[in-house]
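Residue numbers 1 to 602, in UniProt numbering, belong to the letters of the first sequence in order. What follows is one structure encoded as C-alpha cells, with my remarks underneath.
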Amino acid sequence: MILIVAEKRSVAHAIAKFLGGRYKLEKIQGVAAYRFNYGGREAVALGLSGHLMDFDFTARQNVWTWIPPEELFASQPLIVYRPETMKYIRALRTLAARAHEVYLALDADVEGEAIAYEAALLVRLVNPRAKIYRVRFNAVTQREITNAFRNPTHINLRMVEKVFTRMQVDLTLGAVFTRFITLAVRHSLDRGQFLSYGPCQTPVLGIVVTRELQRRNFKPEKYYVVKALVEIGGHRIEMSADVRFKTRKEAEEAAATINRGVVKAAVYRPHHVNPPVPLETVELERRASRWLGINSKRTLDIAEELYRAGYISYPRTETTIYPPTLDLREVLQELASGHLGSYADELMRRGFRPTRGDSDDRAHLPIYPTRAATKGEVAKAFGKLAPQAWAIYDFVVRHFLATLSPPAVVEKQKIIVSFGKLEMEAEGQLVVDEGYWRIYPWERQSSKPLPRVSPGDPARAVKVDVVERETEPPPQMTESELLALMKKYGIGTDATMQDHIHTNVRRGYMKITKGKCIPTDLGIALATSLFQFAPQLIEPTVRAKIEKALNSIVTDGTPPARLIYEIKKEFEEYYKALKARKEEIKKALETALNSSRNSQRG
DNA sequence: GCAAGGTC
Numbered sequence: 001m002i003l004i005v006a007e008k009r010s011v012a013h014a015i016a017k018f019l020g021g022r023y024k025l026e027k028i029q030g031v032a033a034y035r036f037n038y039g040g041r042e043a044v045a046l047g048l049s050g051h052l053m054d055f056d057f058t059a060r061q062n063v064w065t066w067i068p069p070e071e072l073f074a075s076q077p078l079i080v081y082r083p084e085t086m087k088y089i090r091a092l093r094t095l096a097a098r099a100h101e102v103y104l105a106l107d108a109d110v111e112g113e114a115i116a117y118e119a120a121l122l123v124r125l126v127n128p129r130a131k132i133y134r135v136r137f138n139a140v141t142q143r144e145i146t147n148a149f150r151n152p153t154h155i156n157l158r159m160v161e162k163v164f165t166r167m168q169v170d171l172t173l174g175a176v177f178t179r180f181i182t183l184a185v186r187h188s189l190d191r192g193q194f195l196s197y198g199p200c201q202t203p204v205l206g207i208v209v210t211r212e213l214q215r216r217n218f219k220p221e222k223y224y225v226v227k228a229l230v231e232i233g234g235h236r237i238e239m240s241a242d243v244r245f246k247t248r249k250e251a252e253e254a255a256a257t258i259n260r261g262v263v264k265a266a267v268y269r270p271h272h273v274n275p276p277v278p279l280e281t282v283e284l285e286r287r288a289s290r291w292l293g294i295n296s297k298r299t300l301d302i303a304e305e306l307y308r309a310g311y312i313s314y315p316r317t318e319t320t321i322y323p324p325t326l327d328l329r330e331v332l333q334e335l336a337s338g339h340l341g342s343y344a345d346e347l348m349r350r351g352f353r354p355t356r357g358d359s360d361d362r363a364h365l366p367i368y369p370t371r372a373a374t375k376g377e378v379a380k381a382f383g384k385l386a387p388q389a390w391a392i393y394d395f396v397v398r399h400f401l402a403t404l405s406p407p408a409v410v411e412k413q414k415i416i417v418s419f420g421k422l423e424m425e426a427e428g429q430l431v432v433d434e435g436y437w438r439i440y441p442w443e444r445q446s447s448k449p450l451p452r453v454s455p456g457d458p459a460r461a462v463k464v465d466v467v468e469r470e471t472e473p474p475p476q477m478t479e480s481e482l483l484a485l486m487k488k489y490g491i492g493t494d495a496t497m498q499d500h501i502h503t504n505v506r507r508g509y510m511k512i513t514k515g516k517c518i519p520t521d522l523g524i525a526l527a528t529s530l531f532q533f534a535p536q537l538i539e540p541t542v543r544a545k546i547e548k549a550l551n552s553i554v555t556d557g558t559p560p561a562r563l564i565y566e567i568k569k570e571f572e573e574y575y576k577a578l579k580a581r582k583e584e585i586k587k588a589l590e591t592a593l594n595s596s597r598n599s600q601r602g
C-alpha cells in the first residue's frame, strides 16, 4: 500500500483526484482519508492539520513558581505530541503500519518540511521498513502533482532544523520573559491573568505604543498659508500658495503682493488608476479593516469558514499572480449566476486581462471566489456573523472582478499662477472612465474639475486671505497600517499576523476601535519599561534578526545548537538588564493595572 | 498559564 501524507485535507483530496481519478472517502480514526488506485496499486491520501509535534518544558519546569524563569535558558525543551492532533497521529500510525511506501506531500515550505519530518518520525516508529519519500509541488494542480510524484526526493534536514530551532528559541524566550513580567506583578493580576512577551507580539505592541507616544508628545505649531480666489478668463478658482509662513506678519506681507498675475502652467494629463493585483491574505485583512470595518482576526476567521464551505479559495496565501492553470473564464462563468452576474458576463463578452502582482509563495493561489453565493445561503451558514461574512464574500468577488477589469482613467489637473514673487496653485481632477470602480466602490474617486485655462492667460486675485493652521500629530495607528508595518519588518507570516495583533488585545495591551489600534495604560507601561531597560526585546527589527540567524541554518549549515546557544546568551543579557530594574518595572506595571481596574469599576 | 508556526 502507498501512503500519501498531505498538510491539509483539501490537498489530500486533490492528490487522490489527480493521481487516481476515482477515489473513495474513508474515515480512519475519525480523520478523512482518500483511497484510490495509483498505477495498479492501492493508495491512501491522508490530510493532516498542520504540525503534529511541538516543544515543551518538563512538568516541574512548567510550574512557574517552582523555578526561577532564567533556569529555562539553561535547559532544552523536549519534543512532544500536540494533544490537539492526536487523532491525526493515530490515523497516521494506523495507515503507516501497512504502508510499503510513504510519500510526504506536505506544502513546499520550511514548515511543510518540518511537518514531513514529524510524520516520518511517526511512520518509522510503527514501520521501520517502509520507504519514505518527500514530494514537492508548487501548486495543487494536475501537472505539478503528477510531476512531483514522478520525481520523489528526500527531506531537507536543514529546513527541519531551522523550524525546530525557531520553535525552541521562541518558546524559551517567550516563557522566560512572560514568566518574569507575570511573576513581578502576580499579586496585582486577576486569577488566570498573565502578562506575556513574544518576539512577534511584543514588537507589534512597540510599534503601536511608539506612535501613541509620538502623538502625546507632539507640540503643535502654528503656521500661516495664503489663499486667494483668482479670476482667469471669467472663471473663479480657489488657489493657495504652497508655502508655510512662520508668522502671520510674513504671510500678510506676501498676501499684500498678490494682485495681478499670469498663468504659468496649466496641465490636464490623463492618468490611469490600475485595478488591484490578485488578493493575498494580508491585503484582504487590511482592506476589510479599512473598508468593511472588520478586524483582521475576524476577517481571517470568516475567510476560513467561507473556504471550508466552498465559497472562496484557500485564504492563507502570499501569492498575487494567477497561475496559467487557473481558468479565469471558468470562474467568471460560475460568478455569472451570482449577485454580480451581469458584470461577470460583460467581462466575458468584452474580454479581460488579469492584473499581476510580484509575489508567489509557490504553495497557494491568490484568494478568489470559487462559487456564486446568494446572501440568503451565506446568512443561513453564518448566523450572527452573516452580515460580515457576506461583506467579505462580496469583497472577494468584487476584488476578483476588479483584477480582470480595465483601469479607471482620471484627468489630473493643475493650474499655477505666478503673482510676481508668490505662486498660487490649484489642483483638480476629472473622471474620464470609471473602469474597475464600477464594481470596486472603495477606491472610487470623484470629479473636482478645474476650468480650462492656458499658460499666458491673465489672472486677477479677487480676494486674498491669510489662514492660520496648526501642524498635526501623526495619525492614530490603523490596523491596516500596522499590518503593512509588520510585513515590512518581517514580523509574523501571512497566516499569523492577525494573531499577533489579537494576542495584544487579549492581554489587555491594546484595543482596536473603528480600525484604530489604541494602546491601554498597561500596554504603554510594558512597552515603556522594555524600551527603557531592554530595548532589544521590543524593537521592530527583533524578529527579522532572529529569522535571519535561523536562515543561516538552511543557507550556511550553521549548527542549530550553536545558534541556540548564541541567541540565548544574547537574550540572557537583556534578561539581566530587566531583572536589575525589577522594582521599577513592577511599579510601572502595577500602577497601570490598578488604574485600569479603577477605570473599569468607575 | 509562557511563543510562533502550521491547521480546523
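Virtual Cβ for every residue (Gly too), placed ideally from N, Cα, C.
Would the C-beta of Ala-484 count as close to the ligand SAH, meaning under 7 Å from any of its heavy atoms?
In terms of ligand content, the structure shown is empty, and the ligand SAH therefore cannot be addressed.
On a Cα-Cα basis, can you pick out the residue from Lys-246, Met-53, Ala-14, Val-123 that is closest to Arg-143?
Of the candidates Lys-246, Met-53, Ala-14, Val-123, the one whose C-alpha sits nearest the C-alpha of Arg-143 is Ala-14.
Let me confirm a value: Thr-202 is counted as buried when at least 16 other C-beta atoms fall within 10 Å, else exposed. Which label applies?
Counting Cβ neighbours within 10 Å, Thr-202 comes out buried, since at least 16 surround it.
Can at least three beta-carbon pairs, one atom from the segment 280 to 295 and one from the segment 259 to 271, be found at a separation below 8 Å?
These segments do not touch.
In terms of residue numbering, what span does the beta strand (DSSP E) encompassing Thr-513 cover?
First-last of the beta strand (DSSP E) with Thr-513: 510 to 513.
Do you know offhand how far Gly-443's Cα is from Phe-400's?
What sits at residue 443 in the sequence shown is Glu, not Gly. Spanning the two alpha carbons is a distance of roughly 14 Å.
Name the DSSP beta bridge partners of Ala-43, please?
Ala-43 is bridged to Ile-2, Phe-36.
Looking at the strands, I want to know which residues DSSP matches up with Asp-54.
The partner list for Asp-54 (beta bridge, DSSP) reads Val-80.
Taking three-plus beta-carbon pairs below 8 Å as touching, is the segment 366 to 373 in contact with the segment 299 to 317?
They touch, by the three-pair rule.
Is Arg-507 near Ser-196, with beta carbons less than 8 Å apart?
Yes; because the gap between Cβ atoms is below 8 Å, this pair is in contact.
When you compare the CB positions of Gly-428 and Pro-449, do they come within less than 8 Å of one another, or not?
Contact: yes.
To the nearest angstrom, how far is the alpha carbon of Ala-459 from that of Val-230?
The alpha-carbon atoms of Ala-459 and Val-230 are separated by roughly 7 Å.
If you compare alpha carbons, which of Val-80, Gly-47, Arg-191 is closest to Leu-104?
Ranking Val-80, Gly-47, Arg-191 by Cα distance to Leu-104 puts Gly-47 first.
My understanding is that Met-510 touches Thr-496, with C-beta atoms under 8 Å, so please give their C-beta distance in whole angstroms.
Not quite, the Cβ-Cβ distance comes to about 17 Å (not below 8 Å), so this is no contact.
Where does Ser-75 sit, in a helix, a strand or coil, going by DSSP?
Three-state result, Ser-75: coil.
I need the DSSP call for Phe-218, collapsed to helix, strand or coil.
Note: Phe-218 maps to coil in three-state DSSP.
Applying the 10 Å Cβ sphere with the 16-neighbour rule, what's the burial state of Ala-549?
Ala-549 should be labelled buried.
Which of the three DSSP states is assigned to Ala-495 in this structure?
Note: Ala-495 maps to coil in three-state DSSP.
Is Ser-596 helix, strand or coil when you go by DSSP?
If DSSP states are grouped into helix, strand and coil, Ser-596 belongs with the helices.
Tell me, please, whether the segment 115 to 127 touches the segment 50 to 67 by the rule of three or more beta-carbon pairs shorter than 8 Å.
The answer is yes - the segment 50 to 67 touches the segment 115 to 127, with three or more Cβ pairs under 8 Å.
How about Ala-241 and Glu-423: do their beta carbons lie closer than 8 Å?
Yes, these two residues count as a Cβ contact at 8 Å.
Could you give the DSSP three-state label for Pro-519: helix, strand or coil?
Reduced to three states, the DSSP call for Pro-519 is strand.
Would you mind stating whether Met-1 and His-154 have Cβ atoms separated by less than 8 Å?
Not closer than 8 Å, so no.
For Arg-353, which residues in the same chain have their Cβ closer than 6 Å to its Cβ, ignoring the five residues on either side in sequence?
Excluding sequence neighbours, Arg-353 sits near nothing in its chain.
Keeping to the same chain, check which residues put their C-beta closer than 6 Å to that of Leu-205; ignore five residues upstream and five downstream.
Excluding residues within five positions, the ones whose Cβ falls inside 6 Å are Asn-504, Tyr-509, Gly-523, Ala-527.
Indicate the three-state DSSP secondary structure (helix, strand or coil) for Arg-286 in the structure shown.
The answer is helix: DSSP assigns Arg-286 an H, G or I state.
CB-CB under 7 Å to Pro-77, same chain, minus the five flanking residues each way: which ones, in chain order?
Excluding sequence neighbours, Pro-77 sits near Phe-55, Asp-56, Phe-57, Gln-168, Leu-171, Thr-172.
Between Ala-130 and Lys-487, what straight-line distance do the alpha-carbon atoms span, to the nearest angstrom?
Taking the straight line from one Cα to the other gives about 42 Å.
On a CA-only basis, which of Ile-585, Glu-305, Glu-71 is nearest Phe-382? Give me that one, please.
Out of Ile-585, Glu-305, Glu-71, Glu-305 has the C-alpha closest to the C-alpha of Phe-382.
Measure the alpha-carbon distance for Ala-426 versus Asp-457 and round it to whole angstroms.
The alpha-carbon atoms of Ala-426 and Asp-457 are separated by roughly 15 Å.
Would Asn-551 and Lys-162 qualify as a contact pair, given that the criterion is a beta-carbon distance under 8 Å?
In contact: Asn-551 and Lys-162 (Cβ atoms closer than 8 Å).
Any idea which residues DSSP pairs Gln-429 with across the strands?
Answer is Lys-412, Lys-448, bridged to Gln-429.
Note down the Cα distance separating Ala-16 from Ile-145, rounded to an integer number of angstroms.
Each residue's Cα considered, the two are about 10 Å apart.
Between the C-alpha atoms of Arg-452 and Glu-238, what's the straight-line distance to the nearest angstrom?
Using only the alpha carbons, I get a separation of about 14 Å.
Could you tell me which residues DSSP pairs with Met-424 in its beta bridges?
In DSSP, Met-424 forms a bridge with Ala-241, Val-417.
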